[in-house]
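Colleague:
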Amino acid sequence: MTDTLAGVPRSDVRSATKAHAVTASADPLPFVTTALYVGTAGNVTVTMGGASVTFVGASGILPIRVSHVTAATAGDIVALA
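When the letters of the sequence shown are read in order and numbered with the numbering used here, they come out as residues 1407 to 1487.
Shown next as structure tokens:
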């Protein structure tokens, strides 16, 4: 998987140009995200920088760079980049 934003300063804010519907799995996403959209609130466990992190009660746009969404009680998740 290619991180298309590797080396881009974090202050460089831009709109997403890619979207991918997410189903929680051990498989990597097709790209490293700039954000996740969570349409139905719940918990989302992701891999960020090689570490597993759980966001409890996540909803809306999470401006996070993740490579995997490994578990979720949340629904309607879309990866954005």
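Glycine included, C-beta positions come from ideal geometry on N, C-alpha and C.
Could you tell me whether the Cβ atoms of residue 1478 and residue 1437 are closer together than 7 angstroms?
Modeller: No; because the gap between Cβ atoms is not below 7 angstroms, this pair is not in contact.
Colleague: Answer yes or no: do residue 1476 and residue 1451 have a C-beta to C-beta separation smaller than 7 angstroms?
Modeller: yes
Colleague: Near residue 1468, which residues of its chain fall below 7 angstroms by C-beta distance, leaving aside the five closest residues on each side in sequence?
Modeller: 1441, 1442, 1444, 1461
Colleague: Would you grab the beta carbon distance between residue 1485 and residue 1439 for me? Rounded to a whole angstrom, and I think it's under 8 angstroms.
Modeller: 5 angstroms
Colleague: Between residue 1429 and residue 1435, what straight-line distance do the alpha-carbon atoms span, to the nearest angstrom?
Modeller: Cα-Cα distance, rounded: 9 angstroms.
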